[in-house]
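Numbering (numbering that gives the first Met the number 0), first residue to last: 0 to 889.
No residue lacks a Cβ here, since even glycine has one placed at the ideal position from N, Cα and C.
Notes for the one structure printed next.
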Amino acid sequence: MKEIHHVRLAFASICVFVFLFFNVHVISAQNYIPRDFILLNCGGPSTADDMDGRKWMTDDKSKFLPAAGNSTTSRAATQVPSVLETPFMTTRVFHSNFTYTFPVAPTRLFLRLYFYPSSYGGLDASDARFSVSTQTHTLLNNFSASQTAEALNFPTIVKEYSINVENGRLSLTFTPSPTHPKAYAFVNGIEIVSMPDIYSETSGTVLIVGQSSPFTVDNTTALENIRRLNVGGNDISPSADTGMHRPWFDDSPYLFAAAKGVTTITEQNTRITYPPSISTYVAPVDIYSTARTMGPDSNVNLNYNLTWVFSVDSGFFYLVRLHFCEIDAGITKVNQRVFDIFIFNQTATLSVDVIESAGSNYAPMFKDYVVMVPSYGDPQKDLWLQLHPHKSSRPNYYDSILNGVEIFKINNSDANLAGPNPVPAAKQEIIDPSLAIPGSSHGKSKNRMAIIAGVVCGAVVLGLIIGFFVVAAKRRRGMDCISVTGQSGWLTLSVYGNSPLAETNADGSYASSLLSNRRHFSFAEIKAATREFDESLVLGVGGFGKVYKGEIDGETRKVAIKRGNPLSEQGVHEFQTEIDMLSKLRHRHLVSLIGYCEENCEMILVYDYMSHGTLREHLYKSHNPPLSWRQRLEICIGAARGLHYLHTGAKHTIIHRDVKTTNILLDEKWVAKVSDFGLSKTGPSLDHTHVSTVVKGSFGYLDPEYFRRQQLTEKSDVYSFGVVLFEVLCARPALNPTLPKEEVSLAEWAAHCYIKGVLDQIIDTFLKGKIASECLKKFAETAMKCVSDQSIDRPSMGDVLWNLEFALQLQETAEESGEVGSGMEVEGQLDVAYKGKMDPDASPGMDGNITDSRSTGISMSIGGRSLASEDSYGLTPSTVFSQILNPKGR
Numbered sequence: 000m001k002e003i004h005h006v007r008l009a010f011a012s013i014c015v016f017v018f019l020f021f022n023v024h025v026i027s028a029q030n031y032i033p034r035d036f037i038l039l040n041c042g043g044p045s046t047a048d049d050m051d052g053r054k055w056m057t058d059d060k061s062k063f064l065p066a067a068g069n070s071t072t073s074r075a076a077t078q079v080p081s082v083l084e085t086p087f088m089t090t091r092v093f094h095s096n097f098t099y100t101f102p103v104a105p106t107r108l109f110l111r112l113y114f115y116p117s118s119y120g121g122l123d124a125s126d127a128r129f130s131v132s133t134q135t136h137t138l139l140n141n142f143s144a145s146q147t148a149e150a151l152n153f154p155t156i157v158k159e160y161s162i163n164v165e166n167g168r169l170s171l172t173f174t175p176s177p178t179h180p181k182a183y184a185f186v187n188g189i190e191i192v193s194m195p196d197i198y199s200e201t202s203g204t205v206l207i208v209g210q211s212s213p214f215t216v217d218n219t220t221a222l223e224n225i226r227r228l229n230v231g232g233n234d235i236s237p238s239a240d241t242g243m244h245r246p247w248f249d250d251s252p253y254l255f256a257a258a259k260g261v262t263t264i265t266e267q268n269t270r271i272t273y274p275p276s277i278s279t280y281v282a283p284v285d286i287y288s289t290a291r292t293m294g295p296d297s298n299v300n301l302n303y304n305l306t307w308v309f310s311v312d313s314g315f316f317y318l319v320r321l322h323f324c325e326i327d328a329g330i331t332k333v334n335q336r337v338f339d340i341f342i343f344n345q346t347a348t349l350s351v352d353v354i355e356s357a358g359s360n361y362a363p364m365f366k367d368y369v370v371m372v373p374s375y376g377d378p379q380k381d382l383w384l385q386l387h388p389h390k391s392s393r394p395n396y397y398d399s400i401l402n403g404v405e406i407f408k409i410n411n412s413d414a415n416l417a418g419p420n421p422v423p424a425a426k427q428e429i430i431d432p433s434l435a436i437p438g439s440s441h442g443k444s445k446n447r448m449a450i451i452a453g454v455v456c457g458a459v460v461l462g463l464i465i466g467f468f469v470v471a472a473k474r475r476r477g478m479d480c481i482s483v484t485g486q487s488g489w490l491t492l493s494v495y496g497n498s499p500l501a502e503t504n505a506d507g508s509y510a511s512s513l514l515s516n517r518r519h520f521s522f523a524e525i526k527a528a529t530r531e532f533d534e535s536l537v538l539g540v541g542g543f544g545k546v547y548k549g550e551i552d553g554e555t556r557k558v559a560i561k562r563g564n565p566l567s568e569q570g571v572h573e574f575q576t577e578i579d580m581l582s583k584l585r586h587r588h589l590v591s592l593i594g595y596c597e598e599n600c601e602m603i604l605v606y607d608y609m610s611h612g613t614l615r616e617h618l619y620k621s622h623n624p625p626l627s628w629r630q631r632l633e634i635c636i637g638a639a640r641g642l643h644y645l646h647t648g649a650k651h652t653i654i655h656r657d658v659k660t661t662n663i664l665l666d667e668k669w670v671a672k673v674s675d676f677g678l679s680k681t682g683p684s685l686d687h688t689h690v691s692t693v694v695k696g697s698f699g700y701l702d703p704e705y706f707r708r709q710q711l712t713e714k715s716d717v718y719s720f721g722v723v724l725f726e727v728l729c730a731r732p733a734l735n736p737t738l739p740k741e742e743v744s745l746a747e748w749a750a751h752c753y754i755k756g757v758l759d760q761i762i763d764t765f766l767k768g769k770i771a772s773e774c775l776k777k778f779a780e781t782a783m784k785c786v787s788d789q790s791i792d793r794p795s796m797g798d799v800l801w802n803l804e805f806a807l808q809l810q811e812t813a814e815e816s817g818e819v820g821s822g823m824e825v826e827g828q829l830d831v832a833y834k835g836k837m838d839p840d841a842s843p844g845m846d847g848n849i850t851d852s853r854s855t856g857i858s859m860s861i862g863g864r865s866l867a868s869e870d871s872y873g874l875t876p877s878t879v880f881s882q883i884l885n886p887k888g889r
């Protein structure tokens, strides 16, 4: 009996343990059960499941529709492969005011609106301009789904709002824009989910960043979700949320440059335990199970910020919620990892210690901040979120950590959440982690200056820069300009004033000898050429200012006119470098600098006009007809010749540092010309292998080794050019955040497909059956070598050029023999071409009989033509190129 009693006690103890274990588990991961959960598939079938298995019902003859209303249902005319059937392929169209009415419990709820801009019933998608409002707030105004989708490069748009409903009824009104004659409204799906009040803030403890004023988020406040990110982890589907069906997305597309830090995940069998101070509904366990940190090297961490950049509408307050959980098993005590937080270039919090705030590791916590994005300037601005190690407390590790981010727009005083439609085709993708390095924790102004570096940040900088230009104009034209710094001269800013490249005129002004061989234009000529800087002639906008199309010499010659923005310090440095390089370089495949203007405190450069624009404009997202494969090869060869000349044709190597398809221009004869030398750098001397410099470049094209080591070589250009080659082959952007995570980066995805032997599946469909298999093999092999992770494994630009020339010969031979052009598909020809991994023993030069012309001192040639000097009009004189003294760059 005693044994039986002991067995019963043991069994009871086990049951109690199991109960307590699972009870704790349930408490730590409990989901919210919504009172109202509506999934409305507008114009769709009676029921349909989405990819998460959620069941959507049709709005046809629904109780949510008004008794009378002018609306029709339709199916999208076309379906992009990435667009889901439910809820995007059917819609309800409104030609006049139309109101849905939803009976809901008096509570706060999530409202999500789904849009797929397409042709419905023959309607033009661009005519869909409308407003959406509830009984209390304006959500959208003159909204264009097609323009928004084009600007964001998303095929579909989902708008999410958090709204409090007090009277048990949510009215949702769609109104076609009265100012647009053909305007109509539409919606593909409507989702309504009750939610707990987890975002309200009435305690007065949340202050506006940069101010001491508290901010209140109460029942009268409406929020629009801007971003919801799982930092360091994968996408989380709505069904995996805590009952509110919130989608969480991978944070990597929003990281600043290549400064990605290190992703961390909890060890197996480690449980995240929510403390009593935080609701289990706030974020799912998966958010707190992954994180992004800066890495193990404290010296590296102290020299950069872990940075995310988000585009937001100006003129609104934003609620920024940051989720933290210390998931490093080795960090268990206070003052082991301490860091500072900066939001919108302002100090948000100094000395954040997750262990101290949460009480232990594996315990979630979050911090809320409110930031004001002022309305002056551009309608949309970049909201920077930055983390940096805190030094003054001397923690064990100079590091920072983040697990999740949520950003919400807050309605303004007019109960409005609507912002402007984003502008498509933004051309600038420049990154510069040096802008993110903080100055000091002793003051906000120092930190702000270090973070935004070359950007205008106050009246002092504004006056300083204007003063420079004012003095320059006074020296040149005798205008009444006042000197602020004592320096003078247009080209003497920071660089040329104390340079042997400058000479002094009799009147005391500086005139750079660099431009002595270029034409001088009067400001009157420039105004006439651009029709008083007519906005309709703008070709592009950059950190320097605007580029206009113009006509000179009696309207007989078309030119591109780059007008510097005197308020942009980064524009000044771009101009200086551009002049430095182009004043000495002449080559058929480099853009030509014709002349300049320096009157009226202006900085203006005049170039030959490239009538066919950029290479990118002929690859994707364009109404231009697609280029033939031979055209693409010849353009790549031309660009390679230009880059090879930069690397080997001058006395000193010149590294472009911003090679991409928007910086390869095409003239009227489709001749490729490399442009935009604002980031260019003189390469290492013969006794050095690299130049140590801050990292600069463009998203998707940046050499990973250059970022890691901050050591620049000409092989960094080779990597970028390899991305260009894949872009030409696949006709897709270097980065596309709308694609699955593994496909976002073209270089990584193309390399993956190459290794798997399925590269043919991602090439431009227009090229199917038009590329000779041997040509494709050589082209793909060349691109793969270029994007090798280690620079030593990459070929020189001379080797790249040789291989592209050879690929063109293979294509021409196949076309002459009739092997291509008959419509036969490429797929069957590719297995031998590149299936499997590359030969690990292959030399960096790809072909053993080819050598680097610069290293041997012998000019390599093909068909008797020198690659180093082809089409050049004289090599660069021996004068050493001036380096930019201020490294802040763009």
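Along the chain, where does the beta strand (DSSP E) that runs through I191 open and close? G188 to S193
Is the CB-CB distance between L108 and I197 below 7 Å? no
Who are the near neighbours of N22 in its chain, counting only those whose CB is closer than 8 Å to its CB and skipping five residues on each side? Its pLDDT being 37, under 50, N22 is placed unreliably by the model, and the measurement read from it follows with that caveat. Closer than 8 Å at Cβ, skipping near neighbours: no residue.
Cβ-Cβ distance between S193 and R34 below 7 Å: yes
Can you have a look at V131 and say buried or exposed, based on whether 16 or more other CB atoms are within 10 angstroms of its CB? buried
With DSSP as the reference, label F958 as helix, strand or coil. Outside the displayed range of the chain (0 to 889) lies residue 958, so it cannot be described from this structure.
Whose C-beta lies closer than 7 Å to the C-beta of I330 among residues of the same chain, with five residues either side of it excluded? R336, I354 and N360
Quick check: the segment 365-375 against the segment 315-331, are at least 3 beta-carbon pairs closer than 8 Å? yes
Span separating the alpha-carbon of S313 from that of A414: 16 Å
3 or more residues per run - each beta strand (DSSP E) lying fully within the segment 125-155: 128-132 and 137-143
Name the residue from Y99, E266 and I578 whose alpha carbon lies nearest to the alpha carbon of I593. I578
How is the beta strand (DSSP E) around H643 delimited, first residue to last? Careful: H643 lies outside any beta strand (DSSP E), inside the alpha helix (DSSP H) at W628 to T647.
According to the neighbour-count rule (16 or more other Cβ atoms, all chains shown, within 10 Å of its Cβ), is Y375 buried or exposed? exposed
Quick one: what's Q379 bridged to in DSSP? D312
Going straight from the alpha carbon of Q630 to that of T576, what length do you get? 31 Å
Please classify P105 as buried or exposed, where buried requires at least 16 other C-beta atoms within 10 Å of its C-beta. exposed
On a Cα-Cα basis, can you pick out the residue from E818, K672, Q29 and L254 that is closest to M609? K672
At least one CB of chain B closer than 7 Å to the CB of F87: is that the case? Note that chain B does not occur in the displayed structure, where there is just one protein chain.
Hey, how far is the Cα of H5 from the Cα of P86? Residue placement at H5 cannot be trusted, given a pLDDT of 45 that sits under 50; what the coordinates show is reported in the next sentence. When rounded, the distance between both Cα atoms is 60 Å.
In whole angstroms, give me the CA-to-CA distance for T174 and P44. 25 Å
What are the boundary residues of the alpha helix (DSSP H) that includes P86? E84 to F87
Do N224 and F407 have their C-beta atoms within less than 7 Å of each other? yes
For the candidate residues S278, L745 and L734, whose alpha-carbon lies nearest to that of F725? L745
Locate the alpha helix (DSSP H) running through L57, then write down its first and last residues. Rather than Leu, the amino acid found at residue 57 in this sequence is Thr. Looking at the DSSP string, T57 is not in any alpha helix (DSSP H); the run it does join, the beta strand (DSSP E), is K54 to T57.
Under the rule that 16 or more other beta-carbon atoms within 10 Å means buried, what is F765, buried or exposed? exposed
Along the chain, where does the alpha helix (DSSP H) containing D285 start, and where does it finish? V284 to S288
Indicate the three-state DSSP secondary structure (helix, strand or coil) for C596 in the structure shown. strand
Is the segment 598-617 touching the segment 642-657 in the sense that three or more CB pairs, one from each, lie closer than 8 Å? no
According to DSSP, simplified to helix, strand and coil, what is L301? coil
Proximal residues to G822 (C-beta, below 6 Å), its chain only, five neighbours per side dropped: Any reading at G822 needs caution, since the residue's pLDDT is 36, under 50, leaving its predicted position unreliable; the model's value is listed next. These residues qualify, in order along the chain: G768.
Measuring only the C-alpha atoms, how far is F315 from V372? 6 Å
Pairs of beta-carbons, one from the segment 106-125 and one from the segment 142-162, closer than 8 Å: are there three or more? yes
When the distance is taken between beta carbons, is L538 closer than 7 Å to K548? yes
Identify, in the order they occur along the chain, each residue of the same chain with its Cβ nearer than 6 Å to the Cβ of I916, setting aside the five sequence neighbours on each side. With the chain running from 0 to 889 in the structure shown, residue 916 is simply not present.
Could you check which residue in D217, N96 and M88 has the C-alpha nearest to that of E165? D217
My assumption, with CB atoms under 8 Å, is that L83 sits in contact with D49. Please give the rounded CB distance. 6 Å
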